[in-house]
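Some notes on the structure that comes next.
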Amino acid sequence: MEEPRIGVYICWCGTNIAKMVDVEAVAAEVSKLPHVAISKTYKYMCSDPGQELVIKDIRGHRLNRVVVAACSPRIHELTFRKACEKAGINPYLFEMANIREQDSWVHTDRTEATKKAIDLVVAAIRRVQYHEPLEKRSVNVDPSTLIIGGGISGMIAALEIANAGKKVYLIEKADRLGGQVAKFNLTFPHLSSAKQMIQPILQRVENHPEIEVFLNTEIKDVTGYIGNFKTIIQNDNEEQTELKFGNIIAAVGLKPFDPSKIEEYGYGKFPDVITSMEFEDMLGTGKILTKYGKEPRNVAIIHCVGSRNKIYHEYCSRTCCMAALKFVHQIRASLPSANIYEVYADMRAYGKGHEEFYALTTHKQIIFLMFDQQDKLPVIRQADRTDDCNMIIEMNEKLSGESIEVPVDMVILMVNMEAQDNVKEVVRAIGVSLCGNQFFIEKHPKLDPVATTTGGVYIVGTCQGPKDIPDSVCQARAAAARILATIAYGSVQVEVTTANVNEKLCCGCQTCVKVCPYSAISYNEIKKSSEVNEVLCKGCGTCGSACPAGAINSKHFTDRQIMSEIEGIMSMSLKGV
Amino acid sequence: MSYSPTIVAFLCNWCAYTGADLAGTSRLRYAPNIRIIKVMCSGRIEPTFVLKAFKEGADGVLICGCHPGDCHYHEGNYKCLRRFKLLHKFTQQMGIEKDRLQLEWISASEGKQFAELVNSMTKTLLLLGPIKLKSKLEVEHLKQ
C-alpha cells in the first residue's frame with residue numbers, strides 16, 4: 003500500500019459548527035497526526051469553492067486520502083466522494099466525521115464539543131488509512147415500473163412513464179382509481195371542477211396500452227434491487243401475480259384524521275358536525291342540508307382539526323385553510339343569506355394565488371373568528387330549545403379577547419391529513435423509513451425530495467407529507483423523470499460496499515449462508531468455500547460478523563477499518579487531552 | 289481531573305444513526321460523552337468491536353439498531369440481539385458491570401428517545417465510576 007497522504011478539512015458550516023466547536027483548534031490538533039499532509043478549515047466545505055479546495059489539494063499535494071468533518075454523511079458524503087473522483091482519486095478513499103448533527107447541534111459546552119470533534123476527526127483519520135479503492139458496478143435496468151397507489155400522484159407518474167413507451171404496473175388497493183382528489187367537487191384557488199380535471203386522466207390511465215391497472219390489489223414482499231425488482235401482488239380474490247420491474251414509486255397517499263378523538267367538537271355525537279370530506283360528499287348531491295333536511299341558517303367551518311396541535315398532530319396539513327375558503331364560495335352560492343363563520347387558528351395562504359383567493363373570499367360576507375390552538379379549543383354544545391339554532395360554539399375569540407357564543411346549525415371540521423394505517427407493510431416491503439408522523443422519509447429534504455435511501459424507490463404525493471394537488475403532481479413528474487433517465491441510460495450503478503469471501507480462510511462452516519437475508523451467499527463444493535453473489539448482496543455485513551474464521555470482508559466496513567476507528571476515538575481520551 | 293465517562297456507540301445507518309441525526313436537527317441537547325461509530329446494520333457489530341472499545345478504555349458501550357421488525361435488512365437486528373445476549377453474559381463474567389453495555393432500539397424518528405438514552409446512560413456511568421478493566425489491563429501489560 004502506498005504511504006497515506008491525508009487531507010483533513012474542518013467545516014465551519016457558517017456558525018452552525020464554528021459557534022460550538024473551535025474548528026481551528028481541531029485542525030491544529032489533528033495536523034500533528036501521522037500521515038496528515040494538510041489540515042484546514044473552511045466556511046462551507048460543501049460549497050463549490052469548498053469542493054474546489056479539496057480538488058486542488060488532492061492534485062497539488064498528491065493527497066490519496068481525504069477526511070471532511072462537517073454535517074452528517076447522510077447529507078454530503080456523496081458530494082465529497084464526487085469531488086474526490088473529480089480530482090482523480092477513488093471516491094471510497096474518503097471519510098466523513100459528523101461534527102454538526104452529532105456534535106455542535108446537540109451540545110452546549112464549547113470545550114467538550116471541541117474535544118468530541120477532535121475524537122471524531124482522529125477516528126476518521128485512523129479509519130481512512132485503511133480504506134480501499136472500490137470499483138463501481140452497474141446492472142441493467144428493467145424498463146417497467148411499479149407504482150403503488152392510484153391517486154392523482156400515482157396516475158400522473160404512470161402517464162408520464164407510459165407516454166414514453168415504458169410499461170407501468172399501477173396497483174390500487176381500493177376498487178377505483180382517483181384517490182382523494184376524485185372525492186372533491188371544486189379545487190382551490192380557481193374554483194375549477196375537480197371532476198372535470200380528473201375524469202380525462204382516469205380515462206387515459208385506464209385505456210393506455212402501456213399501463214396495466216390492478217384494482218383491489220396489494221403488494222406482498224418486494225425482492226431484488228434497483229433495476230431488477232420482483233414482487234407478488236394479490237387481489238381480493240387471493241389471486242396472485244408475479245411482476246418484474248426496475249423501479250418503484252410509492253404513492254400511497256393519506257387518510258383524513260378521525261375527529262371523534264377531539265371531545266370538544268362532539269363529532270359523532272352531533273349529527274350536524276361533519277368532516278370536510280363528508281361535506282364534499284354533500285356538495286356532490288347538490289344540496290346543503292342538515293340531518294333534519296333543512297337548509298342551515300348558520301354554518302361554521304373549524305380549521306386545524308387535528309393539525310398544529312401537540313395532542314393530535316403537530317404539523318400543518320397545508321391545504322385545509324384554502325379548502326375552507328373554497329367551501330365559503332360553495333355555501334354562499336347555495337345559501338345566499340346564511341351566516342358563515344370561519345373559525346380559524348391562523349390563516350395559511352402561502353401558495354400561488356392563495357393570498358389573492360383569501361382576499362377575494364373575505365368579500366363573501368363571512369365572519370372570521372380566531373382561536374388559540376395552544377390555549378383552549380372551541381367547544382360545541384347542543385343549543386337550548388329557546389335558542390334559534392341547532393348548536394352553540396363557545397370560544398375565546400383571540401383578536402377581540404372576548405369569550406363568545408356562536409349560533410350554528412352545521413359545523414364543518416377541516417380535518418388533518420394523516421398517514422395511511424397500513425403504511426408499515428408497504429414501508430417494509432420497499433425498504434424505506436418513516437418519520438415521526440409516519441410519513442415516508444426522502445433521501446435529502448431539499449436536494450433529493452422524491453428519492454429514498456433505497457436505490458430505485460421513489461416517493462411522491464401525500465405519503466411524503468401533506469401537500470396540495472400541484473405539489474403532488476410536481477413530485478409525480480419528478481420521480482417519473484428520474485426513472486425515465488435510468489431507463490434511457492439502460493444501466494445503473496449499484497452498491498459496491500458488498501461482502502466477499504477470502505477462500506483461503508473460509509473453513510466451510512456455511513454460517514454465512516444461513517445468516518444472509520438475501521440468499522446472496524452459496525457454498526461452492528468444489529472450492530470448499532462460500533461465495534457471495536455481489537449483485538444480490540446489499541452490504542449489511544451480518545455475514546462478516548458471523549464468520550468464525552474471519553474470512554468475510556465487509557467492504558468499507560472491514561474489521562481493520564472499524565477497529566482503527568475505535569482506537570482513534572479513544573486515543574485522545576486516554577492521553578487526557 | 290474529575291471523572292467524565294466515555295461511551296462508544298455503534299449505530300446502524302438506517303434507523304439509529306438517522307435518529308441521532310434527528311436529535312441534532314431538532315436541536316435537542318444531550319451529554320457530550322458519546323462517540324458514535326456508524327455501521328450499516330446492527331447485525332454487522334461483532335462482539336470483538338465491543339471488547340475492543342472496552343479495551344481502549346471506554347466506560348460504556350452502547351449498541352443501537354432498528355426496532356424489531358423494522359430492520360432495513362429484514363433481520364440483522366435479531367442477529368445482533370442474539371449475539372448481544374451472549375456477549376453480555378461474557379462481559380459480566382469479565383467483571384464489566386451489566387449497565388456498561390447496553391442495547392437499545394432507536395428508530396429514525398426517535399431523536400428525543402436517543403437524546404434521553406445518552407443522558408441516562410451517562411448518568412448511570414457517572415454513578416458506576418471509571419471502568420476498572422482499564423487498570424487491570426495495564427497491570428497485565430506490566431507483568432508481561
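Chains A and B, in that order, are what the protein sequence lines are.
Everything in the first sequence is counted per my numbering, starting at 3 for the first residue and increasing by one.
Everything in the second sequence is counted per my numbering, starting at 289 for the first residue and increasing by one.
Heads up, the beta-carbon is just placed ideally off N, CA and C, and yes, glycines get one too.
Residues of chain A with CB closer than 8 Å to the CB of residue i, please, in chain order.
| i | result |
| --- | --- |
| B:R332 | C542, G543, T544, G546, S547, S556 and F559 |
| B:K377 | Within 8 Å Cβ-Cβ: nothing; B:K377 doesn't reach chain A, min ~18 Å. |
| B:T306 | R76, S435 and I443 |
| B:K373 | Per Cβ cutoff of 8 Å: no residues; B:K373 is ~15 Å from chain A at best. |
Since I believe residue j is in contact with residue i (beta carbons under 8 Å), could you give me their beta-carbon distance rounded to a whole number of angstroms?
| i | j | result |
| --- | --- | --- |
| A:T292 | A:M412 | 6 Å |
| A:I213 | A:I471 | With a Cβ gap of about 20 Å, A:I213 and A:I471 do not count as contacting. |
| A:T23 | A:D121 | Checking the displayed sequence, the identity of residue 23 of chain A turns out to be Val instead of Thr. In fact, because the Cβ distance is near 12 Å, the residues do not count as touching under 8 Å. |
| A:N535 | A:A553 | Not really, about 16 Å apart at Cβ, beyond 8 Å. |
| A:I173 | A:I150 | 5 Å |
| A:N237 | A:N218 | 5 Å |
| A:I489 | A:K168 | 6 Å |
| A:S278 | A:I414 | 6 Å |
Note down, in chain order, every chain C residue with its Cβ under 9 Å from the Cβ of residue i.
| i | result |
| --- | --- |
| B:F337 | You won't find chain C in this structure, because its protein chains are A and B. |
Taking C-beta pairs closer than 9 Å, name the residues in chain A that residue i reaches, listed in chain order.
| i | result |
| --- | --- |
| B:E363 | V517, P519 and T544 |
| B:I394 | The premise fails here: B:I394 is roughly 12 Å from chain A at the closest Cβ pair, so nothing lies under 9 Å. |
| B:K386 | Going along chain A, no residue has its Cβ under 9 Å from B:K386, so there is no contact; the nearest lies around 21 Å. |
Among the residues of its own chain, which have a CB less than 7 Å from the CB of residue i, if the five just before and after it don't count?
| i | result |
| --- | --- |
| A:R64 | R7 |
| A:S573 | V124 |
| A:T513 | A548, C549 and P550 |
| A:D144 | G229, N230, K246, F247 and G248 |
| A:V25 | I12, W14, I19 and T43 |
| A:L327 | F190, F359, Y360 and T363 |
Run down chain A in chain order and give the residues with a C-beta less than 7 Å from the C-beta of residue i.
| i | result |
| --- | --- |
| B:K340 | M565 and I568 |
| B:M382 | Within 7 Å Cβ-Cβ: nothing; B:M382 doesn't reach chain A, min ~17 Å. |
| B:K420 | Result: empty, since nearest Cβ-Cβ is about 15 Å, beyond 7 Å. |
So residue i contacts chain B; which residues on that side make the cut at Cβ distance below 7 Å?
| i | result |
| --- | --- |
| A:A115 | P320 |
| A:G438 | S397 |
| A:I228 | Within chain B, no residue comes near A:I228; the closest Cβ sits about 15 Å away, beyond 7 Å. |
Using a cut-off of 8 Å between C-beta atoms, extract the partners of residue i located in chain B.
| i | result |
| --- | --- |
| A:G153 | Per Cβ cutoff of 8 Å: no residues; A:G153 is ~24 Å from chain B at best. |
| A:H63 | Ordered by position in chain B, no residue passes the 8 Å Cβ test against A:H63, which lies about 28 Å from the chain. |
Counting only the same chain and skipping the five closest in sequence on each side, list residues whose C-beta sits under 6 Å from that of residue i.
| i | result |
| --- | --- |
| B:A346 | T294 and V296 |
| A:L148 | Y171, F247 and I250 |
| A:E357 | A351 |
| A:E79 | M98 |
| A:K175 | E220 |
| A:A481 | A159, I251, V452, Y460 and V462 |
| A:G268 | V275 and I382 |
| A:G52 | Y44 and Y46 |
| B:V448 | The displayed coordinates of chain B run from 289 to 432. Any statement about residue 448 of chain B would go beyond what the structure contains. |
| A:N341 | N300 |
| B:E392 | C352 and L405 |
Could you list which residues in chain B have their beta carbon closer than 9 Å to that of residue i, in chain order?
| i | result |
| --- | --- |
| A:T110 | R317 and P320 |
| A:L122 | R323 and I324 |
| A:K118 | P320, N321, I322 and R323 |
| A:I173 | Near A:I173 there are no residues of chain B at all, since even the closest Cβ is about 22 Å away, more than 9 Å. |
| A:M397 | Result: empty, since nearest Cβ-Cβ is about 32 Å, beyond 9 Å. |
For residue i, which residues in the same chain have their Cβ closer than 8 Å to its Cβ, ignoring the five residues on either side in sequence?
| i | result |
| --- | --- |
| A:G578 | Caution applies to A:G578, whose pLDDT of 47 falls short of 50 and renders its modelled position unreliable; the value that the coordinates give is listed next. Nothing listed; no residue qualifies. |
| A:V56 | G9, Y11, M47, V68, V70, F82, A85, C86 and A89 |
| A:H315 | F259, G308, S309, N418, E420 and N439 |
| A:Y132 | T560, R562, Q563 and S566 |
Taking beta-carbon pairs under 9 Å, can you tell me which members of the stretch 79-107 of chain A lie near chain B?
N100, R102, E103, Q104, D105, S106 and W107
Given a limit of 7 Å on CB to CB distance, which residues of the stretch 344-361 of chain B reach chain A?
E344, G345, A346, H360 and Y361
Positions along the stretch 308-321 of chain B whose CB lies within less than 9 Å of some CB in chain A
A308, D309, L310, A311, G312, T313, S314, R315, L316, R317, Y318, A319, P320 and N321
Taking 8 Å as the threshold, find out whether the stretch 363-373 of chain A comes into contact with the stretch 395-408 of chain A through three or more Cβ pairs.
yes
Taking any Cβ of chain B, which residues in the stretch 9-24 of chain A have a Cβ under 8 Å from it, in chain order?
none
The stretch 449-465 of chain A in contact with the stretch 330-346 of chain A per 3-pair CB rule at 8 Å
no
Cβ contact (3+ pairs, closer than 8 Å) linking the stretch 308-327 of chain B and the stretch 381-392 of chain B
no
Can you pull out the residues from the stretch 408-436 of chain A whose beta carbon lies closer than 8 Å to at least one beta carbon of chain B?
R430, G433, S435 and L436
What are the residues of the stretch 376-395 of chain A that lie near chain B, defined by any Cβ-Cβ distance shorter than 7 Å?
none
Segment contact, 8 Å Cβ cut-off, at least three pairs: the stretch 305-315 of chain B with the stretch 362-374 of chain B
no
Segment contact, 8 Å Cβ cut-off, at least three pairs: the stretch 174-188 of chain A with the stretch 274-289 of chain A
yes
Members of the stretch 36-66 of chain A that neighbour chain B once the beta carbon cut-off is set at 8 Å
none
Tell me, please, whether the stretch 321-330 of chain A touches the stretch 290-305 of chain A by the rule of three or more beta-carbon pairs shorter than 8 Å.
yes
If you measure beta-carbon to beta-carbon, which residues of the stretch 400-414 of chain B are closer than 8 Å to chain A?
A403
Can you pull out the residues from the stretch 269-287 of chain A whose beta carbon lies closer than 8 Å to at least one beta carbon of chain B?
none
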